[in-house]
Ligand SMILES: [Zn+2]
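Numbering (my numbering), first residue to last: 363 to 482.
See the structure below:
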């Protein structure tokens, strides 16, 4: 598990090995958040809050991609983004559901094999 950043990313819970969303809840003095990657509807969010779990909007952010923003109780009826709740072991999504990372690094040039054609 890597150190959390504001940008939300998928990871695995170190205790139950379920898939979780890891992010900081703020860019300044942010606290690490581990959330279940399962969108909640209204009744499910209410149940999560009654269990003492905090709920977050998973919002698109132009600078960081996706970020978790804590939902304010007075704005709980507004649902403009997917809503997720803090993770509780065991999570609802197994870590095997996380897609493998894409190969984005270009292949390094082979400096030890001579080229097929002479360079001049
Ligand atoms: Zn867990």
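Glycine included, every Cβ here is placed at the ideal spot set by N, Cα and C.
Note that this is a predicted model, so its numbers are computed, not measured.
What's the call for residue 375, buried or exposed, on a 16-neighbour Cβ count within 10 Å? As a position in the chain shown, residue 375 is number 13, starting the count at 1. Classification of residue 375: buried, given that the 10 Å Cβ count is 16 or more.
In its own chain, which residues sit with a C-beta less than 6 Å from the C-beta of residue 407, not counting the 5 before and 5 after it? Within the chain shown, residue 407 is the residue found at index 45, counting from 1. Excluding residues up to 5 positions away in sequence, 417, 445 lie with their Cβ nearer than 6 Å to the Cβ of residue 407 in the same chain.
For residue 392, which option in 369, 404, 382 has the closest C-alpha, if you only look at C-alpha atoms? For this step, residue 392 is matched to residue 30 along the chain shown. Checking every option, the nearest Cα to that of residue 392 belongs to 369.
Which stretch, first to last residue, makes up the alpha helix (DSSP H) that contains residue 453? Your numbering for residue 453 matches position 91 in the chain shown. Counting along the chain, residue 453 falls outside any alpha helix (DSSP H), and DSSP gives it neither H nor E.
Just the Cα atoms here: how many angstroms apart are residue 419 and residue 447? Here residue 419 corresponds to residue number 57 of the chain shown, with the count starting at 1. Here residue 447 corresponds to residue number 85 of the chain shown, with the count starting at 1. Cα-Cα distance, rounded: 9 Å.
In whole angstroms, what separates the C-alpha of residue 437 from that of residue 426? If you number the chain shown from 1, residue 437 lands on position 75. If you number the chain shown from 1, residue 426 lands on position 64. Spanning the alpha carbons of residue 437 and residue 426 requires a straight line of approximately 24 Å.
Return the chain-ordered list of same chain residues with a C-beta closer than 8 Å to the C-beta of residue 454, the five sequence neighbours on each side being excluded. Taking the first residue of the chain shown as 1, we reach residue 454 at position 92. Only 380, 398, 400 meet the Cβ criterion.
Report yes if the C-beta of residue 371 is less than 7 Å from at least one heavy atom of ligand 1; otherwise report no. As a position in the chain shown, residue 371 is number 9, starting the count at 1. Checking the Cβ of residue 371 against ligand 1 gives no.
List the DSSP bridge partners of residue 428. For this step, residue 428 is matched to residue 66 along the chain shown. In the DSSP output, where bridge partners are listed per residue, residue 428 has 422.
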